[in-house]
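Note sheet for the following structure.
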Amino acid sequence: MAVGAHSTDHCLVPGVRLSSIASGIKGQNDLDLVLIEFIEGSHTAGVFTKSAFAAAPVLVGRRHLAQSSSRYFLINSGNANAATGEAGVADAEGCCLALAQATGACPEEVIPFSTGVIGEKLQVECITDALPEIISRLDGDGWLRAAKGIMTTDTRPKITSRQFEVNGSTVTMTGIAKGSGMIQPNMATLLAYVATDGFAGQEFLKAALVASIDQSFNRITVDGDTSTNDSSMLTATGASEVELDSPVVAPVFQDELNSLMLELAQGIIRDAEGATKFIEIRVTGGECSDDCLRIAYSIANSPLVKTAFFAGDANWGRIVMAIGKAGIDIDVDKVDVYVGAVQMMRAGGKEPSYTEAAGAAAMAEEEITITVDLNQGQISESVWTSDLSHDYVVINAEYRT
Numbered sequence: 001m002a003v004g005a006h007s008t009d010h011c012l013v014p015g016v017r018l019s020s021i022a023s024g025i026k027g028q029n030d031l032d033l034v035l036i037e038f039i040e041g042s043h044t045a046g047v048f049t050k051s052a053f054a055a056a057p058v059l060v061g062r063r064h065l066a067q068s069s070s071r072y073f074l075i076n077s078g079n080a081n082a083a084t085g086e087a088g089v090a091d092a093e094g095c096c097l098a099l100a101q102a103t104g105a106c107p108e109e110v111i112p113f114s115t116g117v118i119g120e121k122l123q124v125e126c127i128t129d130a131l132p133e134i135i136s137r138l139d140g141d142g143w144l145r146a147a148k149g150i151m152t153t154d155t156r157p158k159i160t161s162r163q164f165e166v167n168g169s170t171v172t173m174t175g176i177a178k179g180s181g182m183i184q185p186n187m188a189t190l191l192a193y194v195a196t197d198g199f200a201g202q203e204f205l206k207a208a209l210v211a212s213i214d215q216s217f218n219r220i221t222v223d224g225d226t227s228t229n230d231s232s233m234l235t236a237t238g239a240s241e242v243e244l245d246s247p248v249v250a251p252v253f254q255d256e257l258n259s260l261m262l263e264l265a266q267g268i269i270r271d272a273e274g275a276t277k278f279i280e281i282r283v284t285g286g287e288c289s290d291d292c293l294r295i296a297y298s299i300a301n302s303p304l305v306k307t308a309f310f311a312g313d314a315n316w317g318r319i320v321m322a323i324g325k326a327g328i329d330i331d332v333d334k335v336d337v338y339v340g341a342v343q344m345m346r347a348g349g350k351e352p353s354y355t356e357a358a359g360a361a362a363m364a365e366e367e368i369t370i371t372v373d374l375n376q377g378q379i380s381e382s383v384w385t386s387d388l389s390h391d392y393v394v395i396n397a398e399y400r401t
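Position 376 of the sequence shown, counted from 1, bears residue number 376 in my numbering, the numbering being contiguous throughout.
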């Protein structure tokens, strides 16, 4: 089940071709291998997981990105190639080499990505045997199929686009993402790929990507867990010849990228494993961003809070509990708490006009905003999360069966 409306409308990005096929990693008929090709002269920036158990493709991808421009992304779902040691690194490198030989590229121009079960050997032959077919199917109109090919426990693809005009030229940007569980990224989301036909160097793209991630993928949580394979990539093909780093274009591009990345990130929460609620935790009146975010995540990751929202139980005491355990020095006698428009706490105590019926009605909504006003400063931050349902437990209990 996913929460809210869903659209797969998107724009094609000149200079990008994509394909997705069933290679046999997940089964004979399930899309599980994606290839993305960029025209020569493209520049790519990437941000990867900070997990100590970073997967083999992350280790190889970091190195390749530092050594060369990227021409190809080779992505498999169904197997994470994580916690596989040196053999896993060799498998990732072998896939890059095989693709390079098949396309005439250099191995360093290929970045591998994997998502799926941790601790199992990658089915390399499934990938290498499928290369002739997946290369032959490359198409500029392959975005939606690629968005489906990177899915694991996702129930629907995440894809969106933005366009803006610069002196009569149209700049296009399209992104896809996957992620549904094991989500509290310490950089980005499980996998996210954004491409634009604007022109920019890697340094500019990296700064733009980091800034957008900080306000999007680093503001979501499903279960408080960070994947071993998190990767987020931004590529500029230059096909439109619009220079993104010019003083006039740069702020417009950043705003559009921020908007696109936030939509993808929120799409992951809307499709979180077992989700029935889409929840924004908004902490206002703080003295600094870190305080606001620590409180917001304390609420968003609390199993007691999340199960209360699943049940529609207006137990606002659980929100208060989560605020208190965040470890932030606050004046509790100033704190106000709202669910939707319903004020439950005023100045550290129960709002005199609050009724259980009003609270239950607010909790019953499919999309909910929790507002915590600390009344101690001018800073506000938001985090997005989901509820914790029976289905979440079932999905993860049966993940490998």
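Note that the Cβ used here is the ideal one computed from N, Cα and C, for glycine as well.
Worksheet item: Per DSSP, Phe402 forms a beta bridge with which residues?
Response: What the structure shows of the chain is the stretch from 1 to 401, and residue 402 is not part of that stretch, so it cannot be assessed.
Discussion item. Here's the rule: buried if 16 or more other CB atoms are within 10 angstroms of the residue's CB, otherwise exposed. What is Asp154?
Written reply: Label assigned to Asp154: buried.
Item to complete: Using the Cα positions of Phe278 and Val210, report the straight-line distance between them to the nearest angstrom.
Response: Taking the straight line from one Cα to the other gives about 25 Å.
Discussion item. Checking the sheet assignment: what are the DSSP bridge partners for Leu459?
Written reply: Nothing about residue 459 can be read from this structure; the chain reaches only from 1 to 401.
Fill in: Beta-carbon spacing of Ala83, Ile39 below 7 Å
Their beta carbons are not under 7 Å apart, which means Ala83 does not touch Ile39 by this criterion.
Worksheet item: What first and last residue would you give for the alpha helix (DSSP H) that runs through Phe310?
Response: Here the alpha helix (DSSP H) through Phe310 covers 303–311.
Discussion item. Can you give me the C-alpha to C-alpha distance between Asp373 and Arg346, rounded to a whole angstrom?
Written reply: Roughly 9 Å separates the two Cα atoms.
Item to complete: Express the C-alpha separation of Thr172 and Thr152 in angstroms, rounding to a whole number.
Response: Going by the C-alpha atoms only, they are around 28 Å apart.
Worksheet item: Roughly how many whole angstroms lie between the Cα atoms of Ala2 and Gly274?
Response: The C-alpha of Gly274 is placed about 8 Å away from the C-alpha of Ala2.
Discussion item. Along the chain, where does the beta strand (DSSP E) containing Leu234 start, and where does it finish?
Written reply: Residues 231–236.
Item to complete: List the endpoints of the continuous beta strand (DSSP E) containing Glu485.
Response: For the chain, the structure presents residues 1 to 401; residue 485 sits outside this window and is missing.
Worksheet item: Should Val248 be labelled buried (16 or more other beta-carbon atoms within 10 Å of its own) or exposed?
Response: Looking at its Cβ environment, which holds fewer than 16 other Cβ atoms inside 10 Å, Val248 is exposed.
Fill in: Where the alpha helix (DSSP H) through Gln411 begins and ends
Lying before the first or after the last residue shown, residue 411 is absent from the chain, which here runs from 1 to 401.
Discussion item. Taking 6 Å as the limit between beta carbons, can you name the residues of its chain near Ala188, skipping five residues before and five after?
Written reply: Its pLDDT being 41, under 50, Ala188 is placed unreliably in this model, and the value from its coordinates should be taken loosely. These residues qualify, in order along the chain: Val47, Ile213, Phe217, Asp230, Ser232.
Worksheet item: Whose CA, out of Leu31, Val13, Pro14, His10, lies closest to the CA of Ser20?
Response: Looking at the Cα atoms, Leu31 is the closest of the given residues.
Discussion item. How far does the alpha helix (DSSP H) with Val283 in it extend, from its first residue to its last?
Written reply: It is not in any alpha helix (DSSP H) - Val283 instead sits in the beta strand (DSSP E) that spans 278–286.
Fill in: DSSP beta-bridge partners of Thr221
Per DSSP, the beta bridge partners of Thr221 are Thr385.
Worksheet item: Secondary structure at Phe53, three-state DSSP: helix, strand or coil?
Response: Three-state DSSP puts Phe53 in coil, outside helix and strand.
Worksheet item: With burial defined as no fewer than 16 other Cβ atoms inside 10 Å of the residue's Cβ, what is the status of Ser389: buried or exposed?
Response: Per the 10 Å Cβ criterion, buried.
Worksheet item: Can you list, in chain order, the stretches of the beta strand (DSSP E) that have 3 or more residues and sit fully within the region 315–353?
Response: Along the region 315–353, the beta strand (DSSP E) occurs as fully enclosed runs of 3 or more residues at 336–339, 342–346, listed in sequence order.
Discussion item. Can you confirm whether the region 252–259 touches the region 287–305 when touching is taken to mean that 3 or more C-beta pairs between the two stretches lie within less than 8 Å?
Written reply: No, because fewer than three Cβ pairs between the region 287–305 and the region 252–259 fall closer than 8 Å, the two stretches do not touch.
Fill in: Span separating the alpha-carbon of Glu366 from that of Gly4
Cα to Cα, Glu366 sits roughly 8 Å from Gly4.
Discussion item. Which residue marks the beginning of the beta strand (DSSP E) containing Met173, and which one marks its end?
Written reply: For Met173, the enclosing beta strand (DSSP E) starts and ends at 169–178.
Worksheet item: Would you report the Cα separation of Lys26 and Ala208, rounded to the nearest angstrom?
Response: Cα-Cα distance, rounded: 35 Å.
Practice prompt. Provide the residue(s) that pair with Leu191 in DSSP beta bridges, ordered along the chain.
Written response: Residue pairing by DSSP places Leu191 opposite Lys178, Ser231 in a beta bridge.
Fill in: Of the listed residues Val342, Pro107, Ile220, nearest to Ala66 (C-alpha basis)
Cα-wise, what sits closest to Ala66 is Pro107.
Discussion item. Using only the alpha-carbon positions, how far apart do Ile306 and Gly359 sit?
Written reply: Residue identity differs from the one stated: residue 306 is Lys in this sequence, not Ile. About 15 Å.
Practice prompt. Quick one: residues in its chain with C-beta nearer than 7 Å to the C-beta of Lys325, no 5 flanking neighbours on either side, listed in chain order?
Written response: Around Lys325: Ser298.
Worksheet item: DSSP state of Glu256, grouped into three classes?
Response: Three-state result, Glu256: helix.
Worksheet item: Is it buried or exposed for Ser7, if we count other Cβ within 10 angstroms and need 16 for buried?
Response: Answer is exposed; the Cβ neighbour count stays below 16.
Worksheet item: Under the three-state reduction of DSSP, which class applies to Arg156: helix, strand or coil?
Response: Secondary structure of Arg156 (DSSP, three-state): coil.
Worksheet item: Which residues share a DSSP beta bridge with Gly119?
Response: According to DSSP, residue pairing for Gly119 in a beta bridge does not occur.
Discussion item. Can you tell me whether Ser168 is buried or exposed? The criterion is at least 16 other CB atoms within 10 Å of its CB, across all chains shown.
Written reply: The sequence given here has Gly at residue 168, not Ser. Classification for Gly168: exposed.
Worksheet item: Do Thr385 and Tyr338 have their CB atoms nearer than 7 Å?
Response: For Thr385 and Tyr338, no; Cβs fall outside 7 Å.
Worksheet item: Run through DSSP, which three-state label would Ile127 get?
Response: If DSSP states are grouped into helix, strand and coil, Ile127 belongs with the helices.
Fill in: For Gly46: DSSP bridge partner residues
Answer is Met233, bridged to Gly46.
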